[in-house]
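Taking it in order: structure first as structure tokens, then the write-up.
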Amino acid sequence: MSQPLRLPEGGRIDRSQPLRFEFDGRAYIGYAGDTLASALIANGVRVTGRSFKYHRPRGTMAAGFEEANSIVQLGRASRTEPNLRATQIELSEGLQARAVNCWPSARFDLFSFFRLFKPFWPAGFYYKTFMAPSWHLWEPAIRHGAGLGVAPRVADPDVYEKRFAGADVIVVGAGPSGIAAALAAARAGASVILLDDKPDLGGSLLYEAGAIEGLAAAQWKDAQLQALGALPNVQLMTRTTAFGYYDHNHLLANELLPGSAHGARQRLWKIRGKRIVMATGALERPLVFPNNDRPGVMLAGAARQYLHRHAVLPGRRIVVATNNDSAYEVAIELKQAGADIALIADTRTIADSTLAAQARALGIEVAGGLSPTDTRGSKSLHAVELHEVDAQGRVRPGSARRVSADSLLVSGGWNPTVHLFSQSGGSLRYDDAQKAFVPARYAQPGFMVGAAAGIAQRADAVASARVAGAEAAAGRSGSVAPVGEGASGQSFWSVDVTPLGRAVSKSWVDLASDSTESDLRLAARENFISVELFKRYTTTGMMTDQGKTSNVNAIGILGGVIGKAPGEVGTTRFRPPFNPVSFGAIAGRNVGAHYRPLRRLPTHDAQLALGAHVEDYGAWLRPSHYPRAGESETVTIAREVHAVRSAVGLLDYSPLGKILVSGPDAATFLQRMYVNNVQTLKVGACRYGLMLGEDGIVKDDGVLVRWSEDSFVVGTTSGQADRIVDWLEEWLQCEWTGLDVTVESITTQWSTLMLAGPRARELLMRLGTGIDLSADAFPHMTAREGLLGKVPLRISRVSFTGELSFEISVPWNCGRALWDRLLGLGADLGIQPFGLESLLLMRVEKGFLHVGSDTDGLTLPQDVGFAAIIDKKKEDFVGRRSTMTPDALRQDRRQLVGLLPVDGRTLLPCGAHIVGEDFVKAPVRSQGWVTSSVYSPTLNKPVAMGLVERGLERLGQRVKIFDDGRCIDATITSMAFYDADGARLRM
């Protein structure tokens, strides 16, 4: 199988290891050391992808993470992975890949007719088009067509790991500057981590010649890496991409592990360093001119990498178009490798420079003041059209020249790779000599070195990197490095072809998002000139490459339209990830049952033995109901509710949050944390209370028990227990440091079982607690301590069911024994275990608040009936000021009330909106919504609760409940649907 563009020798590939692979269903061959992109180029595959919106044929344009065209779906079935860049995929035996966003293949795509719609799909067309007649009309089709590749539909069989690391100095990028900085820091005694995204360290030294400090580039690299490898305080990491830079010098990096012995596929690193040195290099810019996206158009620097790393030519007859000197070196090296360099076209008016003279000596024609203005071909490049241009990029009519070629290499200058620097909070400035944005101000301790700092000359870059490495080891931070001699000299950002009578609708600026120069100019005319709005309106820089090759050109074009320099236009802030990261790497092993490990009740095995249906409730596996043979869930819950209302029910209530707050200032502290008055709570008494956030919004509720003068147990909702502990600790550690208080979670120290029902006291007396359980000695909302044999025992008389209830707490490991004993003792009393669904249904029958269901992010305590309590409390508490703002004191706030359907039969849907009785048709302003709704087996009718505007003033008023096009008549009522006077729970 021939590889027409593969050189017979050279490169860093292993020709003794041929590798077979497939692309779009066709078989090809490459070698170990190839990327998928280099192997496809070697095999003469020109069309490797289709453009995002218009499905134009595209070929490989770059050689790394800046690639915008060659996006593929790798693998099949469970091991498929979408939207990978062919330039970053290491070739392996049997690799299977398909181009995304096309069908049936990239070469022949039935959706290519989309290109005909380009005149009708300008910038921002989606904002204008999909609003009428309704977004919902377009939404299904847009969502169906969104994305590029296809996500796997079956579970991922691979394993992903997470690791932590830290060092005095972290060096990102192992090019010459990164290597020099790492070695200098290590020799100064600092611990060093040097990481790079490539399989081999060396960066540009792997494909650029020249000399460093009297040694050939390869020799210098080998000597430096050998020295680094010999130092015990250095960790070298390959195939590792730093993709996120966060506060406190925290880096996230993703390591690829091909062929790992322990089976892991990728490893996510969380790395912290005292100083971070960014040696991230620079990215080449393309030139902007009509049809600059044709397959065969490639960045000159990418062609250099393919030549020296993979022994691959970009084509046989090549035109080089540039505005800087770096492309001359590429043309010379390609000519020496056997390629036919038809022409070097330099947009600058050049004199006889050394590089131009070298090129001419090899028989290469060099022309100054010349720029490409069009390309010819369909699925591959056949010819390049060029015109003479002036210093502003305007073409001279009548100067046309056409050169036959199968490859066009372009270079529009170089952009320092400042993405991580920007993520860290650093700011940029525009350097006119470089025609690029360079670091201006550091936000975190570290250094930018080499090309990333705008230092173009290798000798200067290495020298300054050594200084930076030593400074970082000494604990000093960077200042902005002086920018070296300009490498570009570009005076225009796109070729002005209007004198030729041509539009710029096919001059592609962002190849990833299919944004053209005409789109950018239209956005400017429509006044989207803020760089952030401009980005979103045109989608330039919004694809997965984040505009690595397009952003600076786009800013330059925008500046030209509005008459501002690029530095005045400014830049957007780059966001992580720098390079796309698989969800598998982010999740690691935290998937399936390990995603959020569920905690189990002390009676878990007993619940399963009883046939309980267990579900996830606040990260606990808890019984929802106990079905019997042939019973539906509804029938089961009704049976359990009747058992509690008529006899006695048993519930494992252990997940209920229990926080011990103790110390001489415990009462003072809780007085500040709760809306309720805590200091007046007597020892052995309970009190229901609300806790607010600083914004006054209801944060949590629960029952407090005062066990001694300086010891309280704070009850919380099950799902909030851990958060409330952290919340209390934060106030003690950050605000009230003088209070002598200790906060400790004891949720899993005590197993708590709830007995509820009119026969609960009778059953509890059989247990033999030694505590007087009579109503007079042990009234509602009190607590008692005692012993059950030799086991400590705590009983609280509180109720969430509306029935006589006791919450019995024993040490956690005694919970199962107590459960079994109560079931045995209560058999003749009709005892029935009941689940969470029955409990929640009974609390709605009783009209009890459930934070999170009956509250939202705007609910204040006065909205749920605590206005009088706030008025009575004189002391300050967290959130009090926010309950006194004009908005909080509005008379039309939504208040929690009961709702009953007028027909007595229709269940009111949760989330349905309350509208006025005179409602005719939507849309109309909502007056509130249904928060909780159940069919009550006790009352034999549906009951509901809701947040309704002026709800307490409107008791007895009829409203309509609107849901999905239908209306249900309802009446606003009190929430006490069952046992309104509370006689049953006070028995």
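Going by full-length UniProt numbering, 931 is the number at position 931 of the sequence shown; the sequence numbering is gapless.
Just so it is clear, CB atoms sit at the ideal spot from N, CA and C, and this is done for glycine as well.
Model, not experiment: these values are computed from the prediction.
- Measuring C-alpha to C-alpha distances from GLU67 to each of ASN43, ARG56 and ALA37 identifies ALA37 as the nearest.
- Judged by their CB atoms, ALA39 and GLY30 are nearer to each other than the 8 Å cut-off.
- DSSP, reduced to helix, strand and coil, places TYR126 within a helical segment of the structure shown.
- Rounded to whole angstroms, the gap between the alpha carbons of GLN219 and SER177 is 15 Å.
- GLN235: member of the beta strand (DSSP E) spanning 234-237, first to last residue.
- Exposed is the label assigned to MET884, since fewer than 16 other Cβ atoms lie within 10 Å of its Cβ.
- Taking a C-beta distance under 8 Å as the contact criterion, SER507 and SER494 qualify as a contact pair.
- Excluding sequence positions up to five before and after PRO57, its CB lies within less than 6 Å of the CB of VAL47, PRO295 and LYS379, all in the same chain and listed in chain order.
- Scanning its chain for C-beta atoms nearer than 7 Å, with the 5 sequence neighbours on each side dropped, one finds around ARG316 the residues ALA339, ASP340 and ASP406, in chain order.
- Of the candidates ILE13, HIS144, SER926 and GLY44, ILE13 places its Cα closest to the Cα of SER92.
- Of all C-beta pairs linking the region 2-18 to the region 70-81, fewer than three are shorter than 8 Å, placing the two stretches out of contact.
- Ranked by Cα distance from THR973, the first of VAL902, PRO909, GLY44 and PRO140 is VAL902.
- The Cβ atoms of PHE447 and ALA468 lie closer than 8 Å to each other.
- Runs of the beta strand (DSSP E) spanning 3 or more residues and lying entirely within the UniProt domain "SoxA A3" (505-589) occur at 508-510, in chain order.
- CA-CA distance, GLY649 to TRP707, rounds to 27 Å.
- Per the DSSP secondary-structure output, MET754 pairs in a beta bridge with LEU651 and GLU807.
- Put simply, of GLN266, GLY229 and ALA976 the residue whose alpha carbon is nearest the alpha carbon of THR241 is GLN266.
- By the criterion of at least three beta-carbon pairs nearer than 8 Å, the region 943-951 is in contact with the region 894-914.
- Taking C-beta atoms as the reference points, GLY273 and ILE350 fail to come closer than 8 Å.
- In the structure shown, GLN444 falls within a coil segment according to DSSP collapsed to helix, strand and coil.
- If you check the CB distance, LEU283 and ASN415 come in under 8 Å.
- In terms of Cβ geometry, LEU704 and VAL698 do not form a close pair [threshold 8 Å].
- In the DSSP assignment, TYR328 falls within the alpha helix (DSSP H) that extends over 326-336.
- CA-CA distance, GLY563 to PHE578, rounds to 31 Å.
- LEU236 has its alpha-carbon roughly 8 Å from the corresponding atom of GLY229.
- TYR430 has its alpha-carbon roughly 58 Å from the corresponding atom of PRO909.
- Less than 8 Å divides the Cβ of HIS387 from the Cβ of SER371.
- Here ILE142 is exposed: its Cβ has fewer than 16 other Cβ atoms, across all protein chains shown, within 10 Å.
- Of the residues ASN324, PHE243 and GLY802, the one whose Cα lies closest to the Cα of SER838 is GLY802.
- The DSSP-derived three-state label of PHE866 is coil.
- Counting C-beta atoms within 10 angstroms of its own C-beta, TRP135 has fewer than 16 neighbours from the protein chains shown and is therefore classed as exposed.
- Taking 8 Å as the cut-off, the beta carbon of PRO937 is found closer than this to the beta carbon of VAL641.
- In this structure, ARG394 keeps its C-beta atom at 8 Å or more from the C-beta atom of GLY368.
- With a cutoff of 8 Å on beta-carbon distance, TYR442 and GLY454 are scored as not near each other.
- For GLN679, there is no enclosing alpha helix (DSSP H), as DSSP marks it with neither H nor E.
- If you draw a straight line from the Cα of VAL635 to the Cα of CYS734, it comes to about 51 Å.
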